[in-house]
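Residue numbers (the numbering used here): -15 to 458.
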(Lines of atoms letter the chains of each structure in order from A and count residues from 1; the text may use other names and numbers.)
(Lines give C-alpha, C1' and ligand atoms only; values in the text may rest on other atoms or scores of the structure.)
Protein backbone atom coordinates (compact mmCIF):
# COMPACT_ATOMS: atom_id res chain seq x y z
CA UNK A 1 0.00 0.00 0.00
CA UNK A 2 1.29 3.47 -0.91
CA UNK A 3 2.02 5.63 2.10
CA UNK A 4 -0.13 8.69 2.63
CA UNK A 5 1.83 11.92 3.07
CA UNK A 6 1.31 15.08 5.08
CA UNK A 7 3.44 17.99 3.87
CA UNK A 8 4.12 20.89 6.23
CA UNK A 9 5.30 24.07 4.51
CA UNK A 10 7.43 26.18 6.86
CA UNK A 11 9.97 25.28 9.51
CA UNK A 12 9.25 27.86 12.18
CA UNK A 13 7.84 26.85 15.54
CA UNK A 14 4.31 26.49 14.12
CA UNK A 15 5.41 24.19 11.31
CA UNK A 16 7.54 22.07 13.61
CA UNK A 17 4.70 21.85 16.13
CA UNK A 18 2.36 20.75 13.34
CA UNK A 19 4.75 18.03 12.20
CA UNK A 20 5.24 16.71 15.73
CA UNK A 21 1.52 16.78 16.49
CA UNK A 22 0.77 14.83 13.32
CA UNK A 23 3.54 12.32 14.02
CA UNK A 24 2.26 11.82 17.56
CA UNK A 25 -1.36 11.31 16.44
CA UNK A 26 -0.30 8.80 13.78
CA UNK A 27 1.93 6.96 16.23
CA UNK A 28 -0.80 6.79 18.89
CA UNK A 29 -3.11 5.29 16.27
CA UNK A 30 -0.53 2.57 15.57
CA UNK A 31 -0.35 3.63 11.90
CA UNK A 32 3.20 4.98 11.60
CA UNK A 33 4.04 2.54 8.80
CA UNK A 34 1.17 3.90 6.70
CA UNK A 35 2.09 7.61 6.74
CA UNK A 36 4.93 10.02 6.01
CA UNK A 37 5.32 13.52 7.43
CA UNK A 38 7.53 15.84 5.38
CA UNK A 39 8.48 19.37 6.50
CA UNK A 40 9.82 21.82 3.91
CA UNK A 41 11.73 24.95 4.98
CA UNK A 42 13.02 27.51 2.48
CA UNK A 43 15.90 28.77 4.66
CA UNK A 44 19.13 26.98 5.55
CA UNK A 45 18.02 26.55 9.16
CA UNK A 46 14.73 26.04 10.97
CA UNK A 47 13.20 28.46 13.47
CA UNK A 48 11.74 31.27 11.39
CA UNK A 49 11.71 34.48 13.43
CA UNK A 50 13.11 32.54 16.41
CA UNK A 51 16.69 33.17 15.35
CA UNK A 52 19.51 33.01 17.92
CA UNK A 53 23.04 34.02 16.93
CA UNK A 54 26.16 33.30 18.98
CA UNK A 55 29.13 35.61 18.37
CA UNK A 56 31.88 34.96 20.89
CA UNK A 57 30.47 35.71 24.33
CA UNK A 58 27.41 37.49 22.90
CA UNK A 59 24.16 35.56 22.40
CA UNK A 60 21.81 37.66 20.27
CA UNK A 61 18.13 37.02 19.71
CA UNK A 62 17.36 38.38 16.25
CA UNK A 63 13.65 37.86 16.85
CA UNK A 64 11.52 37.18 19.95
CA UNK A 65 13.14 37.35 23.38
CA UNK A 66 11.31 34.35 24.81
CA UNK A 67 7.84 33.07 25.63
CA UNK A 68 5.47 32.94 28.59
CA UNK A 69 5.33 29.52 30.24
CA UNK A 70 1.53 29.40 30.14
CA UNK A 71 1.11 27.27 27.01
CA UNK A 72 1.14 23.49 27.63
CA UNK A 73 1.99 22.83 23.98
CA UNK A 74 5.36 24.56 24.36
CA UNK A 75 6.05 22.51 27.48
CA UNK A 76 5.23 19.37 25.53
CA UNK A 77 7.47 20.41 22.65
CA UNK A 78 10.34 21.17 25.04
CA UNK A 79 9.91 17.71 26.55
CA UNK A 80 9.88 16.09 23.10
CA UNK A 81 13.00 18.04 22.13
CA UNK A 82 14.70 17.33 25.47
CA UNK A 83 15.71 20.96 26.02
CA UNK A 84 15.73 22.58 29.44
CA UNK A 85 13.67 25.72 29.93
CA UNK A 86 15.36 28.72 31.56
CA UNK A 87 13.17 31.27 33.40
CA UNK A 88 13.97 34.96 33.21
CA UNK A 89 16.02 36.46 36.01
CA UNK A 90 14.29 38.42 38.75
CA UNK A 91 15.59 41.70 37.31
CA UNK A 92 13.43 41.19 34.20
CA UNK A 93 10.34 42.05 36.25
CA UNK A 94 11.47 45.69 36.33
CA UNK A 95 10.11 47.60 33.33
CA UNK A 96 10.70 51.18 32.24
CA UNK A 97 9.11 53.77 29.99
CA UNK A 98 10.88 56.90 28.77
CA UNK A 99 9.43 60.20 29.93
CA UNK A 100 11.16 63.56 29.78
CA UNK A 101 14.18 61.99 28.10
CA UNK A 102 14.95 59.42 30.78
CA UNK A 103 13.73 55.93 31.72
CA UNK A 104 11.23 55.81 34.56
CA UNK A 105 10.36 52.58 36.30
CA UNK A 106 6.79 51.32 36.12
CA UNK A 107 6.43 50.14 39.68
CA UNK A 108 3.38 48.07 40.67
CA UNK A 109 2.79 49.94 43.93
CA UNK A 110 0.25 52.75 43.34
CA UNK A 111 2.17 55.41 45.27
CA UNK A 112 5.46 54.56 43.57
CA UNK A 113 3.79 54.72 40.16
CA UNK A 114 2.09 58.02 41.02
CA UNK A 115 5.44 59.61 41.89
CA UNK A 116 7.31 58.15 38.89
CA UNK A 117 6.57 61.15 36.67
CA UNK A 118 5.18 59.03 33.83
CA UNK A 119 1.78 60.72 34.13
CA UNK A 120 0.92 64.23 35.25
CA UNK A 121 -1.45 64.78 38.21
CA UNK A 122 -4.27 65.32 35.71
CA UNK A 123 -3.34 62.12 33.87
CA UNK A 124 -3.27 60.19 37.14
CA UNK A 125 -6.66 61.57 38.14
CA UNK A 126 -8.13 60.47 34.80
CA UNK A 127 -6.54 57.02 35.20
CA UNK A 128 -8.09 56.59 38.64
CA UNK A 129 -11.53 57.28 37.17
CA UNK A 130 -11.28 54.06 35.13
CA UNK A 131 -13.36 52.13 37.67
CA UNK A 132 -16.37 54.31 36.91
CA UNK A 133 -16.15 54.32 33.11
CA UNK A 134 -19.08 52.40 31.63
CA UNK A 135 -18.23 49.42 29.39
CA UNK A 136 -18.78 49.78 25.66
CA UNK A 137 -21.92 47.98 24.56
CA UNK A 138 -22.30 45.95 21.38
CA UNK A 139 -19.77 44.12 19.24
CA UNK A 140 -17.77 47.16 18.13
CA UNK A 141 -14.34 46.49 16.59
CA UNK A 142 -12.59 49.22 18.57
CA UNK A 143 -8.98 50.26 18.07
CA UNK A 144 -6.51 49.80 20.91
CA UNK A 145 -6.00 53.57 21.04
CA UNK A 146 -9.72 54.37 21.23
CA UNK A 147 -10.18 51.77 23.97
CA UNK A 148 -7.24 53.16 25.96
CA UNK A 149 -8.44 56.76 25.66
CA UNK A 150 -11.98 55.79 26.63
CA UNK A 151 -10.99 53.79 29.69
CA UNK A 152 -7.65 55.26 30.80
CA UNK A 153 -7.47 58.74 29.32
CA UNK A 154 -5.48 60.21 26.45
CA UNK A 155 -2.30 60.70 28.46
CA UNK A 156 -2.11 57.07 29.58
CA UNK A 157 -2.98 55.97 26.05
CA UNK A 158 -0.05 57.90 24.58
CA UNK A 159 2.53 57.36 27.32
CA UNK A 160 1.77 53.79 28.42
CA UNK A 161 -0.41 51.86 25.97
CA UNK A 162 1.10 53.29 22.79
CA UNK A 163 4.70 52.33 23.64
CA UNK A 164 3.57 48.88 24.73
CA UNK A 165 1.79 48.29 21.42
CA UNK A 166 4.86 49.41 19.50
CA UNK A 167 7.06 47.18 21.62
CA UNK A 168 4.93 44.02 21.46
CA UNK A 169 3.38 44.26 18.00
CA UNK A 170 5.65 46.81 16.28
CA UNK A 171 2.21 48.28 15.68
CA UNK A 172 0.21 51.48 15.62
CA UNK A 173 -2.47 51.61 18.36
CA UNK A 174 -4.61 53.85 16.15
CA UNK A 175 -5.15 50.96 13.74
CA UNK A 176 -4.75 47.76 15.77
CA UNK A 177 -7.97 45.97 16.68
CA UNK A 178 -8.40 45.52 20.41
CA UNK A 179 -10.52 42.38 19.96
CA UNK A 180 -7.95 40.76 17.66
CA UNK A 181 -4.66 41.94 19.17
CA UNK A 182 -5.60 42.10 22.88
CA UNK A 183 -8.76 40.04 23.32
CA UNK A 184 -8.06 39.66 27.03
CA UNK A 185 -8.55 43.39 27.64
CA UNK A 186 -11.88 43.34 25.86
CA UNK A 187 -12.98 40.34 27.92
CA UNK A 188 -11.86 41.96 31.18
CA UNK A 189 -14.04 44.99 30.50
CA UNK A 190 -17.02 42.81 29.61
CA UNK A 191 -16.74 40.51 32.61
CA UNK A 192 -15.82 43.02 35.32
CA UNK A 193 -16.85 46.39 33.90
CA UNK A 194 -13.38 47.80 34.71
CA UNK A 195 -9.76 46.86 34.04
CA UNK A 196 -8.75 47.73 37.61
CA UNK A 197 -11.54 45.58 39.03
CA UNK A 198 -10.54 42.73 36.72
CA UNK A 199 -6.87 42.97 37.73
CA UNK A 200 -7.80 42.99 41.40
CA UNK A 201 -9.93 39.87 40.98
CA UNK A 202 -7.21 38.17 38.96
CA UNK A 203 -4.52 38.90 41.54
CA UNK A 204 -6.69 37.47 44.31
CA UNK A 205 -7.33 34.33 42.28
CA UNK A 206 -3.66 33.98 41.38
CA UNK A 207 -2.60 34.42 45.01
CA UNK A 208 -5.04 31.74 46.10
CA UNK A 209 -3.80 29.38 43.39
CA UNK A 210 -0.11 30.23 43.88
CA UNK A 211 0.34 31.30 40.24
CA UNK A 212 1.59 34.43 38.45
CA UNK A 213 -0.91 37.12 37.53
CA UNK A 214 -0.37 38.95 34.26
CA UNK A 215 -1.07 42.57 33.38
CA UNK A 216 -4.09 43.81 31.47
CA UNK A 217 -2.45 43.63 28.04
CA UNK A 218 -1.47 39.98 28.04
CA UNK A 219 -1.69 36.59 29.68
CA UNK A 220 -0.10 35.44 32.91
CA UNK A 221 3.14 33.50 32.99
CA UNK A 222 6.88 33.60 33.51
CA UNK A 223 9.10 34.79 30.65
CA UNK A 224 11.12 31.77 29.57
CA UNK A 225 13.78 30.76 27.04
CA UNK A 226 16.64 28.26 26.72
CA UNK A 227 20.33 28.37 27.60
CA UNK A 228 21.43 28.67 23.96
CA UNK A 229 18.61 30.95 22.90
CA UNK A 230 15.05 30.58 21.68
CA UNK A 231 16.09 28.86 18.46
CA UNK A 232 17.34 25.92 20.53
CA UNK A 233 13.81 24.51 20.60
CA UNK A 234 13.15 24.56 16.82
CA UNK A 235 16.60 23.15 16.11
CA UNK A 236 16.10 20.31 18.58
CA UNK A 237 12.62 19.60 17.22
CA UNK A 238 14.08 19.25 13.71
CA UNK A 239 16.56 16.54 14.69
CA UNK A 240 16.23 13.41 12.51
CA UNK A 241 14.14 10.48 13.66
CA UNK A 242 10.46 11.31 13.73
CA UNK A 243 9.84 12.84 10.30
CA UNK A 244 11.72 14.17 7.29
CA UNK A 245 12.94 17.79 7.41
CA UNK A 246 14.31 19.40 4.26
CA UNK A 247 15.86 22.85 4.42
CA UNK A 248 16.59 25.08 1.41
CA UNK A 249 13.36 23.66 -0.03
CA UNK A 250 11.56 26.62 -1.60
CA UNK A 251 7.91 25.81 -2.27
CA UNK A 252 6.75 27.64 -5.39
CA UNK A 253 3.41 26.01 -6.14
CA UNK A 254 0.56 24.21 -4.42
CA UNK A 255 -2.01 22.86 -6.86
CA UNK A 256 -4.66 20.18 -7.02
CA UNK A 257 -3.07 16.93 -8.14
CA UNK A 258 -4.62 13.53 -8.63
CA UNK A 259 -7.97 12.86 -6.98
CA UNK A 260 -7.76 13.57 -3.27
CA UNK A 261 -4.20 14.88 -3.37
CA UNK A 262 -2.11 18.03 -3.59
CA UNK A 263 0.90 18.58 -5.82
CA UNK A 264 3.73 20.47 -4.11
CA UNK A 265 6.22 22.05 -6.51
CA UNK A 266 9.68 23.27 -5.45
CA UNK A 267 11.89 25.92 -7.03
CA UNK A 268 14.48 23.30 -8.00
CA UNK A 269 11.94 21.48 -10.17
CA UNK A 270 11.17 18.60 -7.83
CA UNK A 271 7.63 17.91 -6.69
CA UNK A 272 5.74 15.82 -4.14
CA UNK A 273 2.26 14.42 -3.82
CA UNK A 274 0.53 15.21 -0.54
CA UNK A 275 -2.71 13.87 0.88
CA UNK A 276 -2.88 16.81 3.32
CA UNK A 277 -1.17 20.17 3.76
CA UNK A 278 -0.32 22.42 6.67
CA UNK A 279 0.83 25.85 5.50
CA UNK A 280 2.87 27.33 8.34
CA UNK A 281 4.51 30.26 6.59
CA UNK A 282 4.01 33.95 7.22
CA UNK A 283 0.90 35.48 5.72
CA UNK A 284 2.63 37.37 2.94
CA UNK A 285 4.42 34.17 1.86
CA UNK A 286 1.27 32.03 2.05
CA UNK A 287 -0.81 34.41 -0.09
CA UNK A 288 0.59 33.44 -3.52
CA UNK A 289 0.69 29.74 -2.59
CA UNK A 290 -3.03 29.50 -1.83
CA UNK A 291 -4.21 31.81 -4.63
CA UNK A 292 -4.89 29.02 -7.19
CA UNK A 293 -7.36 27.20 -4.94
CA UNK A 294 -8.40 29.74 -2.26
CA UNK A 295 -8.47 33.22 -3.86
CA UNK A 296 -10.41 34.83 -1.00
CA UNK A 297 -7.89 33.56 1.55
CA UNK A 298 -5.05 34.73 -0.71
CA UNK A 299 -6.51 38.23 -0.93
CA UNK A 300 -6.93 38.43 2.85
CA UNK A 301 -3.40 37.19 3.51
CA UNK A 302 -1.92 39.64 1.01
CA UNK A 303 -3.73 42.56 2.69
CA UNK A 304 -2.24 41.91 6.14
CA UNK A 305 0.68 44.24 6.76
CA UNK A 306 4.00 42.95 8.11
CA UNK A 307 5.97 46.19 8.66
CA UNK A 308 9.76 46.29 8.45
CA UNK A 309 11.69 46.08 11.70
CA UNK A 310 15.40 46.36 12.50
CA UNK A 311 16.83 44.63 15.57
CA UNK A 312 20.17 46.18 16.54
CA UNK A 313 22.22 44.38 19.19
CA UNK A 314 24.84 46.49 20.97
CA UNK A 315 27.41 45.22 23.45
CA UNK A 316 28.78 47.66 26.03
CA UNK A 317 31.31 47.46 28.85
CA UNK A 318 31.47 48.48 32.51
CA UNK A 319 30.14 52.01 32.01
CA UNK A 320 26.80 50.72 30.72
CA UNK A 321 26.48 48.31 33.63
CA UNK A 322 26.91 51.23 36.00
CA UNK A 323 24.61 53.70 34.24
CA UNK A 324 21.79 51.63 32.72
CA UNK A 325 18.93 50.90 35.12
CA UNK A 326 18.68 47.18 35.82
CA UNK A 327 15.61 45.61 34.26
CA UNK A 328 13.93 44.17 31.20
CA UNK A 329 14.26 47.36 29.20
CA UNK A 330 12.59 50.63 28.31
CA UNK A 331 9.76 51.46 25.91
CA UNK A 332 9.83 54.81 24.14
CA UNK A 333 6.68 56.87 23.43
CA UNK A 334 6.55 58.43 19.97
CA UNK A 335 6.63 62.00 21.34
CA UNK A 336 9.96 61.63 23.17
CA UNK A 337 12.20 62.60 20.25
CA UNK A 338 13.67 59.13 19.73
CA UNK A 339 13.30 57.00 16.64
CA UNK A 340 13.77 53.69 18.48
CA UNK A 341 10.67 51.87 19.71
CA UNK A 342 12.45 50.51 22.75
CA UNK A 343 15.61 48.97 24.12
CA UNK A 344 15.92 45.57 25.82
CA UNK A 345 18.58 44.76 28.40
CA UNK A 346 19.21 41.14 27.44
CA UNK A 347 22.03 40.56 29.93
CA UNK A 348 19.59 41.29 32.77
CA UNK A 349 16.81 39.10 31.31
CA UNK A 350 18.45 35.70 30.79
CA UNK A 351 21.83 34.39 32.00
CA UNK A 352 24.65 33.75 29.57
CA UNK A 353 23.82 36.49 27.07
CA UNK A 354 27.15 38.28 27.52
CA UNK A 355 30.41 37.98 29.41
CA UNK A 356 30.76 39.28 32.99
CA UNK A 357 31.40 43.02 33.05
CA UNK A 358 29.46 43.61 29.83
CA UNK A 359 25.88 44.51 28.94
CA UNK A 360 24.04 43.35 25.82
CA UNK A 361 21.26 45.67 24.67
CA UNK A 362 18.85 45.24 21.76
CA UNK A 363 17.25 48.22 20.05
CA UNK A 364 14.10 48.00 17.92
CA UNK A 365 13.55 50.47 15.08
CA UNK A 366 10.85 50.64 12.39
CA UNK A 367 7.48 48.99 12.75
CA UNK A 368 4.10 50.28 11.63
CA UNK A 369 4.78 53.82 12.87
CA UNK A 370 8.13 54.13 11.04
CA UNK A 371 8.03 52.12 7.78
CA UNK A 372 10.54 54.50 6.17
CA UNK A 373 13.29 52.80 8.16
CA UNK A 374 13.83 50.79 4.96
CA UNK A 375 15.15 53.92 3.20
CA UNK A 376 18.22 53.87 5.45
CA UNK A 377 21.34 51.76 5.07
CA UNK A 378 22.29 49.20 7.72
CA UNK A 379 25.08 51.51 8.86
CA UNK A 380 22.70 54.44 9.24
CA UNK A 381 20.27 52.32 11.28
CA UNK A 382 23.10 51.12 13.54
CA UNK A 383 24.35 54.68 14.00
CA UNK A 384 20.87 55.83 15.07
CA UNK A 385 20.63 52.96 17.56
CA UNK A 386 24.05 53.70 19.05
CA UNK A 387 23.43 57.45 19.26
CA UNK A 388 20.00 57.11 20.87
CA UNK A 389 21.04 54.47 23.41
CA UNK A 390 24.07 56.49 24.46
CA UNK A 391 21.92 59.63 24.78
CA UNK A 392 19.19 57.87 26.75
CA UNK A 393 21.55 56.30 29.28
CA UNK A 394 24.21 59.03 29.31
CA UNK A 395 26.98 56.79 27.98
CA UNK A 396 30.27 58.17 26.70
CA UNK A 397 31.98 54.93 25.63
CA UNK A 398 30.72 53.43 22.33
CA UNK A 399 29.72 49.77 22.06
CA UNK A 400 32.37 47.11 21.54
CA UNK A 401 29.96 44.85 19.67
CA UNK A 402 27.30 45.48 17.03
CA UNK A 403 24.97 43.20 15.12
CA UNK A 404 21.92 44.20 13.08
CA UNK A 405 19.14 42.00 11.78
CA UNK A 406 16.72 43.65 9.35
CA UNK A 407 13.32 42.02 8.98
CA UNK A 408 11.60 43.17 5.78
CA UNK A 409 8.39 41.54 7.05
CA UNK A 410 8.03 41.53 10.83
CA UNK A 411 4.94 41.00 12.98
CA UNK A 412 1.53 40.73 11.25
CA UNK A 413 -0.70 43.66 12.09
CA UNK A 414 -4.10 42.72 13.52
CA UNK A 415 -5.82 45.88 12.32
CA UNK A 416 -9.52 46.77 12.48
CA UNK A 417 -11.51 44.05 10.72
CA UNK A 418 -8.91 41.35 11.36
CA UNK A 419 -11.38 38.88 12.87
CA UNK A 420 -13.64 39.14 9.83
CA UNK A 421 -10.68 38.68 7.50
CA UNK A 422 -9.60 35.60 9.45
CA UNK A 423 -13.09 34.11 9.17
CA UNK A 424 -13.08 34.73 5.40
CA UNK A 425 -9.71 33.04 4.96
CA UNK A 426 -10.57 30.01 7.08
CA UNK A 427 -13.90 29.53 5.28
CA UNK A 428 -12.17 29.64 1.88
CA UNK A 429 -9.57 27.09 2.99
CA UNK A 430 -12.31 24.85 4.39
CA UNK A 431 -13.98 24.88 0.96
CA UNK A 432 -10.67 23.91 -0.65
CA UNK A 433 -10.28 21.09 1.88
CA UNK A 434 -13.67 19.66 0.94
CA UNK A 435 -13.12 20.13 -2.78
CA UNK A 436 -9.54 18.82 -3.08
CA UNK A 437 -7.87 17.52 0.08
CA UNK A 438 -7.24 18.74 3.65
CA UNK A 439 -5.34 22.04 3.88
CA UNK A 440 -4.80 24.03 7.07
CA UNK A 441 -3.13 27.32 7.95
CA UNK A 442 -0.92 27.73 11.01
CA UNK A 443 1.32 30.45 12.40
CA UNK A 444 1.01 33.96 13.76
CA UNK A 445 -1.09 35.51 11.02
CA UNK A 446 -4.41 34.76 12.76
CA UNK A 447 -3.86 32.83 16.01
CA UNK A 448 -1.77 35.31 18.01
CA UNK A 449 1.67 36.80 17.40
CA UNK A 450 3.48 35.29 20.40
CA UNK A 451 5.90 32.37 20.05
CA UNK A 452 3.72 30.13 22.23
CA UNK A 453 0.55 31.08 20.33
CA UNK A 454 2.23 30.17 17.04
CA UNK A 455 3.24 26.81 18.47
CA UNK A 456 -0.33 26.16 19.58
CA UNK A 457 -1.81 26.97 16.15
CA UNK A 458 0.68 24.61 14.55
CA UNK A 459 -0.06 21.79 16.97
CA UNK A 460 -3.81 22.10 16.38
CA UNK A 461 -3.39 22.18 12.59
CA UNK A 462 -1.06 19.17 12.56
CA UNK A 463 -3.32 17.17 14.84
CA UNK A 464 -6.39 17.94 12.75
CA UNK A 465 -4.63 17.04 9.49
CA UNK A 466 -3.44 13.74 10.95
CA UNK A 467 -6.92 12.83 12.17
CA UNK A 468 -8.35 13.59 8.74
CA UNK A 469 -5.78 11.32 7.10
CA UNK A 470 -6.40 8.57 9.63
CA UNK A 471 -10.15 8.77 9.04
CA UNK A 472 -9.90 8.72 5.24
CA UNK A 473 -10.43 5.41 3.41
CA UNK A 474 -7.17 3.73 2.35
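Backbone N, C-alpha and C define an ideal beta-carbon position, used for all residues, glycine too.
Query                                                                                                                                                                                 : Result
For the segment 243 to 277, which segments carrying the beta strand (DSSP E) assignment without a break, of at least 3 residues, lie completely within its bounds, in sequence order? : 246 to 250, 255 to 258 and 260 to 263
List the DSSP bridge partners of residue 299.                                                                                                                                         : 344 and 385
Applying the criterion that 16 or more other CB atoms from any shown protein chain within 10 Å of the CB defines a buried residue, is residue 397 buried or exposed?                  : buried
If you draw a straight line from the alpha carbon of residue 60 to that of residue 8, how long is it in whole angstroms?                                                              : 11 Å
Got a sec, what are the start and stop residues for the beta strand (DSSP E) residue 146 sits in?                                                                                     : Note, residue 146: premise wrong, no beta strand (DSSP E); alpha helix (DSSP H) at 146 to 153.
Flag this pair as yes or no: are the beta carbons of residue 226 and residue 21 separated by less than 9 Å?                                                                           : yes
Go ahead and label residue 84 buried or exposed: buried means 16 or more other beta carbons lie within 10 angstroms of its beta carbon, across all protein chains shown.              : exposed
From the DSSP secondary-structure annotation, give me the bridge partner or partners of residue 80.                                                                                   : 89 and 314
Drop a sphere of 10 angstroms on the beta-carbon of residue 173, count the other beta-carbons inside from all chains shown, and report buried for 16 or more, exposed for fewer.      : buried
Keeping to the same chain, check which residues put their C-beta closer than 7 Å to that of residue -13; ignore five residues upstream and five downstream.                           : 18, 19 and 20
Under 9 Å, Cβ to Cβ, is there at least one residue of chain B near residue 78?                                                                                                        : Among the chains of the structure shown, chain B does not appear; only one protein chain is present.
Taking the alpha-carbon of residue 28 as reference, which of 229, 290, 57 and 16 has the nearest alpha-carbon?                                                                        : 229
Can you list, in chain order, the stretches of the alpha helix (DSSP H) that have 4 or more residues and sit fully within the segment 23 to 76?                                       : 56 to 65
Should residue 93 be labelled buried (16 or more other beta-carbon atoms within 10 Å of its own) or exposed?                                                                          : exposed
Check the C-beta distance from residue 159 over to residue 399 and give it rounded, since I have them as a contact under 8 Å.                                                         : 5 Å
Examine the Cβ distances between the segment 423 to 437 and the segment 260 to 267 and report whether three or more of them are shorter than 8 Å.                                     : yes
Our contact map puts residue 64 next to residue 221 with C-beta atoms below 8 Å; I'd like the distance itself, whole angstroms only.                                                  : 7 Å
Thinking C-alpha only, which one of 297, -11, 2 and 419 is nearest residue 440?                                                                                                       : 2
Taking 9 Å as the cut-off, decide whether the C-beta atoms of residue 107 and residue 143 are in contact.                                                                             : yes
List the residues that DSSP assigns as beta-bridge partners of residue 116.                                                                                                           : Paired residues: none, contrary to the question.
Using three-state DSSP, classify residue 281 as helix, strand or coil.                                                                                                                : helix
Run through the DSSP bridge pairs and tell me what residue 228 is partnered with.                                                                                                     : 22
How about residue 154 and residue 333: do their beta carbons lie closer than 9 Å?                                                                                                     : no
According to DSSP, which residues form a beta bridge with residue 424?                                                                                                                : 262
Which residues mark the beginning and the end of the alpha helix (DSSP H) in which residue 236 is found?                                                                              : First-last for residue 236: 235 to 240, but that is the beta strand (DSSP E), not the alpha helix (DSSP H).
Is residue 206 helix, strand or coil by DSSP?                                                                                                                                         : coil
Alpha helix (DSSP H) containing residue 442: first to last residue?                                                                                                                   : 435 to 455
Whose CA, out of 219, 276 and 120, lies closest to the CA of residue 247?                                                                                                             : 276
Return the chain-ordered list of same chain residues with a C-beta closer than 6 Å to the C-beta of residue 433, the five sequence neighbours on each side being excluded.            : 395
Just confirm the distance between the C-beta atoms of residue 311 and residue 74, as a whole number of angstroms; I'd bet it's less than 8 Å.                                         : The pair is not a contact, with the Cβ atoms about 10 Å apart (cut-off 8 Å).
With three or more C-beta pairs closer than 8 Å as the rule, is the segment 351 to 361 touching the segment 296 to 305?                                                               : no
Measure the C-alpha to C-alpha separation of residue 272 and residue 292 and round it to an integer number of angstroms.                                                              : 20 Å
When you compare the CB positions of residue 326 and residue 313, do they come within less than 9 Å of one another, or not?                                                           : yes
Between the Cα of residue 307 and the Cα atoms of 379, -8, 445 and 48, which residue gives the shortest distance?                                                                     : 379
Give me the residue from 286, 345, 126 and 114 with the minimum Cα distance to residue 408.                                                                                           : 286
If the criterion is Cβ atoms closer than 9 Å, does the pair residue 90 and residue 102 meet it?                                                                                       : yes
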